[in-house]
Amino acid sequence: MKVPARVSILFFIGIFAVGSTALGYYYYFVYSPPLKAAAQFMDAMEARNDAALRSIVIVSNDIDSGRNEENLREPTDEDIQKLLSDKFRRGRILDQRKREGNTRDYDYLVYREPDGRVYAIVVTQVDGRFRVVIPDVPKSLRHRYLWDYTWTN
Numbered sequence: 031m032k033v034p035a036r037v038s039i040l041f042f043i044g045i046f047a048v049g050s051t052a053l054g055y056y057y058y059f060v061y062s063p064p065l066k067a068a069a070q071f072m073d074a075m076e077a078r079n080d081a082a083l084r085s086i087v088i089v090s091n092d093i094d095s096g097r098n099e100e101n102l103r104e105p106t107d108e109d110i111q112k113l114l115s116d117k118f119r120r121g122r123i124l125d126q127r128k129r130e131g132n133t134r135d136y137d138y139l140v141y142r143e144p145d146g147r148v149y150a151i152v153v154t155q156v157d158g159r160f161r162v163v164i165p166d167v168p169k170s171l172r173h174r175y176l177w178d179y180t181w182t183n
């Protein structure tokens, strides 16, 4: 029995609609939240808004040592003032890489500064919302909020 061509075309249109819907949900719930956290961080840095920074930033002494929650703490007034003392110029997020830990996942947002240097902005989920992780001891000589990143493909 021959299937009419109309059914075949409708079938392919349905497959494309389902696929694009699935990709939209993936972007909205998986890919987008760390990017939104980084955008909020950059907006707060540009506006020099210490209250917004306090809510979006969490401090870690080292995300590599054990990768557990004891390494994360709320920022102090001194941490916020040190962040705001840096001259901030918005760069671009180039890529997003997920790194799985023992108790939490970290999203490395590959970040290019306006001068072309590449670093990482690290974001993790804390208490149901994504926050930017800044190092307790600066890992970058240029800015406190950046982590060194080795660009590999």
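Number 183 marks the last residue of the sequence shown (our numbering); no jumps. Built from N, CA and C at the ideal position, the CB exists for glycine as well.
Discussion item. With H, G and I counted as helix, E and B as strand and the rest as coil, what does DSSP make of Gly96?
Written reply: Summary for Gly96: the model assigns pLDDT 44, below 50, so the residue's position carries little reliability, and this model does not support an answer.
Worksheet item: Taking one C-beta from the segment 39-55 and one from the segment 113-132 each time, how about it: are there three or more such pairs within less than 8 Å?
Response: no
Fill in: Counted within 10 angstroms of its Cβ, other Cβ atoms place Val153 as buried (16 or more) or exposed
buried
Worksheet item: To which residues of the same chain is Gly96 closer than 6 Å at the C-beta, ignoring the five residues directly before and after it?
Response: Unreliable placement is indicated for Gly96, whose pLDDT of 44 sits below 50; the coordinate value is still reported in the next sentence. Cβ neighbours of Gly96 beyond the five flanking positions: none.
Discussion item. Taking its Cβ as the centre, do 16 or more other Cβ atoms sit within 10 Å of Ser38, making it buried, or is it exposed?
Written reply: exposed
Item to complete: Please list, in chain order, all residues of the same chain as Pro63 whose beta carbon is under 7 Å from its beta carbon, the five residues on each side excluded.
Response: Phe160
Worksheet item: Can you check whether the CB of Val148 is closer than 7 Å to the CB of Tyr179?
Response: yes
Item to complete: Please classify Glu108: does DSSP put it in a helix, a strand, or coil?
Response: helix
Discussion item. Here's the rule: buried if 16 or more other CB atoms are within 10 angstroms of the residue's CB, otherwise exposed. What is Val162?
Written reply: buried
Discussion item. For a quick check, are the C-beta atoms of Val89 and Asp116 less than 7 Å apart?
Written reply: no
Practice prompt. Using the Cα positions of Tyr175 and Leu53, report the straight-line distance between them to the nearest angstrom.
Written response: 31 Å
Item to complete: Alpha carbon to alpha carbon, how far is Phe42 from Ala150? Give it in angstroms, no decimals.
Response: 40 Å
Practice prompt. Determine the direct distance from the alpha carbon of Arg119 to that of Asp145, and round the result to whole angstroms.
Written response: 10 Å
Item to complete: Return the first residue and the last residue of the beta strand (DSSP E) that Arg119 is part of.
Response: No beta strand (DSSP E) holds Arg119; DSSP gives it neither H nor E.
Worksheet item: Helix, strand or coil for Thr133 per DSSP?
Response: coil
Discussion item. Could you tell me the alpha carbon to alpha carbon distance between Phe71 and Leu65, rounded to whole angstroms?
Written reply: 10 Å
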